[in-house]
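Here the protein sequences line up with chains A and B, keeping their order.
Reading the first sequence from the start, the letters are residues 311 to 705 in my numbering.
Reading the second sequence from the start, the letters are residues 18 to 175 in my numbering.
For glycine and all other residues, C-beta sits at the position ideal for the given N, C-alpha and C.
Read the structure below first, then the notes.
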Amino acid sequence: MIETKSLPTQYVSQPGAILTSSGKTLRTDEMIINMGPQHPSTHGVLRLEIVVDGEIIVDVIPHIGYLHRCFEKHAEHMTNYQQVIPYCDRLDYCAAINDEHSYVLAVERMLKIELPERVEYIRVIMAELQRIASHLIAVGTFGIDAGAFTPFLYAFHDRELILDLFEMTCGARLLYNYFWIGGLSHDVPPQFVDKAKQFCTYFKPRIKEFNDLLTYNEIFVKRTANVGVLPKDVAINYACSGPMLRGSGIDWDLRRDDPYSVYHKLDWQPQLGKGEMGTVGDVWDRHIVRMREMEVSVSIIEQALAALPEGNVQAAIPKRIRPDAGEVYARTETPRGELGFYVISDGSGTPYRVKGRAPAFVNLSVLPEISRGCMIADLVLIAGSVDIVLGQVDR
Amino acid sequence: MTAEEILNSLKAKFGDAVVESKLDAPQPWIVINPARMKDIALFLRDDPATQFDYMMCLSGVDYNNGKLGIVYHLFSMVHRHKIVLKAFCTKEQPHIQSVSSVWATANWHEREAFDMYGIVLDEHPDLRRILLPYDWEGHPLRKDYKVPEFYNGMKVPY
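Given below as structure tokens:
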């Protein structure tokens, strides 16, 4: 059954009828439109089955699974725990470092390993660099969704500089296999600290430039303010996380509230949506949260670079990874939100079960709820503001 | 609230629906009767002392001796405490009560558990496969799953 009660009342006098200016009613039918799986604004292979009444969306039914690569089955069939890490990279290919972080944290908690300080600091630096790179893709492609092509080129230019830093460190530009259980695959090269500092100095004014170009552009604000509003209680009930949750004004960040690594030693604050251009929790709020989080990340990187201690990054890597039988759920704050890994060990050298709680998967499930009653063109923006990566949705 | 207090309040309210518990684990867990899952979930969400309003994760598990289960990782944004619930069923009778009316996020997670393990979530509003094609046969994350030779007449590689 199709629900029509959530349509804006000014358009509809009764389900399926539109009032004309002469006061007559036009009988209309609902139409079903397919958007995707090959569609530029679905950010990958997502298929949305849209029920529309004219231009207005009555219901959205997401169909996912086009990129399902059996991550969980693979993880159970590796020969050791370490081999799962490259598969974690491929979950969220825009933020591979953050995926690794969550998984190695889960296994380290099972093994009860204490890490050298240097490892923790390098992990924070890398995770925050990756967060900036991922948010740059998010806001850049979001600009394209809204019809602004130029900011996308700015975003990708700056992202290249971050990928250069990664390449300098571990040789890879997209999928790193850099965090190992108990340490890192390489220490950072000697020139890394200077290059990273240079990047921070370069990038700060670029955020302002990007904001002038896109965020406060009047056309962009008109398109995004008051669209796709996600109320607080709905956000919590759907277990949204990351910029989705903070965009709705909920003060919640796992880096602060469920501390891991050395985030508690650094001085920073989560950024919240305040409804500056419209309602709290609209599409614009989620966008500005991402923009401000990039500033916060730059500040975290600068602090971590200044405090980077000496040490051997491979000192704590265990020779043999064989956790005791048991289970653990570890979660970290990735650019998309709470990425958790539920790992069960049966005492052998391979995980018995690895469940990835993907933030993009959970955030996407709220899409039908917030897009009912919107226009089709707005759906593109709402889907863009959720910032899904289908590799992570489908695992 | 500590895990022990949560366990005691559940026992006081639901008695024999609490089957088993392990409080000395790093993340303490409580085993619940699968047919009472929804009532207990509703109580845990709405009771002012517990207020588990945020479901972090819901995972299906195959315990390999004919036993399937679902593990619920719950969190309270108000009180900032956690608890893990488990509900077990058998491969012959794979039925667990759905909690998607309590936490909307459970809807997709439960569909995934149905898809991968064949656990039937009773009273689920929309129990379809989610990641695999709708006409796929079998439930791949079960430990005794055999890869089919053909899918719709096409040979499945490897």
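With a CB to CB cut of under 7 Å and the five nearest residues on each side skipped, what residues in its chain are close to isoleucine 343(A)?
Along the first sequence, one-based indexing puts residue 343(A) at 33. Result list for isoleucine 343(A): Ile360, Val362, in chain order.
Listed from N- to C-terminal order along the chain, which residues in the region 559-570 of chain A have their beta-carbon within a distance smaller than 8 Å of any beta-carbon of chain B?
Ile560, Trp562, Asp567
Hey, is aspartate 577(A)'s beta-carbon within less than 9 Å of any beta-carbon in chain B?
For the purposes of this step, residue 577(A) is taken as the residue at position 267 of the first sequence. Closer than 9 Å: no.
Where arginine 469(A) sits in the DSSP three-state scheme
As a position in the first sequence, residue 469(A) is number 159, starting the count at 1. Arginine 469(A) falls in the helix class under three-state DSSP.
Nearest to phenylalanine 105(B) by CA position, among Phe60(B), Trp46(B), Ala42(B), Asn169(B), is which residue?
Taking the second sequence and counting its residues from 1, the one referred to as residue 105(B) is at position 88. Taking only the C-alpha atoms, the option nearest phenylalanine 105(B) is Trp46(B).
What does the Cβ neighbour count give for phenylalanine 69(B), buried or exposed, with the cut at 16 atoms within 10 Å?
Within the second sequence, numbered from 1, the residue matching residue 69(B) stands at position 52. Counting Cβ neighbours within 10 Å, phenylalanine 69(B) comes out buried, since at least 16 surround it.
Could you tell me if phenylalanine 476(A) is buried or exposed, where buried requires 16 or more neighbouring beta carbons within 10 angstroms of its beta carbon?
Numbered from its first residue, the first sequence carries residue 476(A) at position 166. Buried, since its Cβ has 16 or more Cβ neighbours within 10 Å.
Taking the alpha-carbon of isoleucine 706(A) as reference, which of Ser658(A), Trp594(A), Pro628(A), Leu576(A) has the nearest alpha-carbon?
Since the first and last residues shown for chain A are 311 and 705, residue 706(A) lies out of range.
Would you please verify whether the beta carbon of methionine 171(B) is less than 9 Å from any beta carbon of chain A?
Indexing the second sequence from 1 puts residue 171(B) at position 154. Contact of methionine 171(B) with chain A is not assigned, every C-beta pair being separated by 9 Å or more.
Do the CB positions of glutamate 127(B) and histidine 141(B) come within less than 9 Å of each other?
Position 110 of the second sequence holds residue 127(B). Position 124 of the second sequence holds residue 141(B). Yes, Cβ-Cβ distance for glutamate 127(B) and histidine 141(B) is below 9 Å.
C-alpha distance - glutamate 519(A) paired with methionine 601(A), whole-angstrom precision
What you label residue 519(A) is simply residue 209 of the first sequence in a count that begins at 1. What you label residue 601(A) is simply residue 291 of the first sequence in a count that begins at 1. Going by the C-alpha atoms only, they are around 11 Å apart.
Rounded to whole angstroms, what's the CA-CA distance from proline 515(A) to arginine 62(B)? Just pull it up for me.
Counted from its first residue, the first sequence places residue 515(A) at position 205. Counted from its first residue, the second sequence places residue 62(B) at position 45. Roughly 45 Å separates the two Cα atoms.
Are valine 599(A) and isoleucine 692(A) close, meaning C-beta to C-beta below 9 Å?
Here residue 599(A) refers to the residue found at position 289 when the first sequence is read from its first residue. Here residue 692(A) refers to the residue found at position 382 when the first sequence is read from its first residue. No. Outside cutoff.
Counting contacts by CB-CB distance shorter than 9 Å, is valine 672(A) in contact with chain B?
Indexing the first sequence from 1 puts residue 672(A) at position 362. Yes, because at least one Cβ of chain B sits closer than 9 Å to the Cβ of valine 672(A).
Measure the CB-CB distance between alanine 617(A) and tyrosine 464(A) and report whether it falls below 9 Å.
Counted from its first residue, the first sequence places residue 617(A) at position 307. Counted from its first residue, the first sequence places residue 464(A) at position 154. Cβ distance not < 9 Å, so alanine 617(A) and tyrosine 464(A) don't count as in contact.
Between alanine 549(A) and chain B, is there a C-beta pair that is closer than 9 Å?
In the first sequence, residue 549(A) corresponds to position 239, counting from 1. Output row for alanine 549(A): interface = yes.
Give the straight-line distance between the Cα atoms of histidine 384(A) and isoleucine 529(A), rounded to the nearest whole angstrom.
Counting from 1 along the first sequence, the entry for residue 384(A) is found at position 74. Counting from 1 along the first sequence, the entry for residue 529(A) is found at position 219. Using only the alpha carbons, I get a separation of about 46 Å.
Taking only beta carbons into account, state which residues of the region 620-650 of chain A come closer than 9 Å to chain B, listed in chain order.
Gly636, Glu637, Val638, Tyr639, Arg641, Glu648, Gly650
State the beta-bridge partners of serine 655(A) as determined by DSSP.
For the purposes of this step, residue 655(A) is identified with residue 345 of the first sequence, where counting begins at 1. Paired residues: Gly636(A).
Leucine 148(B) versus histidine 378(A): straight-line alpha-carbon distance, rounded:
To locate residue 148(B), count along the second sequence from 1; it is residue 131. To locate residue 378(A), count along the first sequence from 1; it is residue 68. Taking the straight line joining both Cα atoms gives about 6 Å.
By a C-beta neighbour count over all protein chains shown, 10 Å radius and 16 as the cutoff for buried, is leucine 484(A) buried or exposed?
For the purposes of this step, residue 484(A) is identified with residue 174 of the first sequence, where counting begins at 1. Result: exposed.
Exposed or buried, which one is glutamate 129(B) when buried takes at least 16 other CB atoms within 10 Å?
To locate residue 129(B), count along the second sequence from 1; it is residue 112. With 16 or more Cβ atoms within 10 Å of its Cβ, glutamate 129(B) is classed as buried.
Contact with chain B by isoleucine 312(A), beta-carbon distance below 9 Å
Start at 1 with the first residue of the first sequence, and residue 312(A) comes out as number 2. Note that isoleucine 312(A) scores a pLDDT of 44, beneath 50, so its modelled location is shaky and nothing firm can be said.
Along the chain, where does the alpha helix (DSSP H) that runs through isoleucine 546(A) open and close?
Taking the first sequence and counting its residues from 1, one reaches residue 546(A) at position 236. That run of the alpha helix (DSSP H) goes 542-547.
If you follow the alpha helix (DSSP H) that asparagine 50(B) is part of, which residue opens it and which one closes it?
Within the second sequence, numbered from 1, the residue matching residue 50(B) stands at position 33. Element bounds for asparagine 50(B): n/a, residue is neither H nor E.
Which value, in whole angstroms, describes the spacing of the CA atoms of tyrosine 486(A) and alanine 687(A)?
Position 176 of the first sequence, counting from 1, holds the residue named residue 486(A). Position 377 of the first sequence, counting from 1, holds the residue named residue 687(A). Going from the Cα of tyrosine 486(A) to the Cα of alanine 687(A) covers about 37 Å.
Identity of the residues DSSP links to glutamate 359(A) by a beta bridge
In the first sequence, residue 359(A) corresponds to position 49, counting from 1. Paired residues: Asn344(A), Ile371(A).
List the whole-angstrom C-beta distance separating isoleucine 472(A) from leucine 439(A), where the pair is believed to meet the contact cut-off of C-beta under 8 Å.
On the first sequence, position 162 is the one that residue 472(A) refers to. On the first sequence, position 129 is the one that residue 439(A) refers to. Correct: roughly 5 Å between the Cβ atoms.
Going by C-alpha to C-alpha distance, which of Ile491(A), Phe509(A), Phe489(A) sits closest to histidine 467(A)?
As a position in the first sequence, residue 467(A) is number 157, starting the count at 1. The candidate whose alpha carbon is nearest that of histidine 467(A) is Phe509(A).
Tell me whether leucine 564(A) sits in a helix, a strand or coil according to DSSP, three-state version.
Counting from one through the first sequence, the residue named residue 564(A) turns up at place 254. Shown here, leucine 564(A) sits in a helix according to DSSP, grouped into three states.
Which residues, in order along the region 376-391 of chain A, keep a beta-carbon less than 9 Å from a beta-carbon of chain E?
Among the chains of the structure shown, chain E does not appear; the protein chains present are A and B.
Check the Cβ-Cβ distances between aspartate 369(A) and every residue of chain B, and say whether any is below 9 Å.
Indexing the first sequence from 1 puts residue 369(A) at position 59. False, the Cβ-Cβ gap to chain B never drops below 9 Å.
Return the residues of the region 511-522 of chain A that lie within a Cβ-Cβ distance of less than 9 Å from chain B, sorted by chain order.
none
Are any of the Cβ atoms in chain B nearer than 9 Å to that of serine 675(A)?
On the first sequence, residue 675(A) is found 365 positions in, with the first residue counted as 1. Judged by the 9 Å Cβ criterion, serine 675(A) is in contact with chain B.
Would you kindly check if the distance between the Cβ of asparagine 673(A) and the Cβ of isoleucine 554(A) is under 9 Å?
Indexing the first sequence from 1 puts residue 554(A) at position 244. Indexing the first sequence from 1 puts residue 673(A) at position 363. Checking the sequence, you will find methionine at residue 554(A) rather than isoleucine. At the C-beta level, methionine 554(A) and asparagine 673(A) come within 9 Å of one another.
Reduced DSSP secondary structure (H/G/I, E/B, other) of glutamate 22(B)
Position 5 of the second sequence, counting from 1, holds the residue named residue 22(B). Helix.
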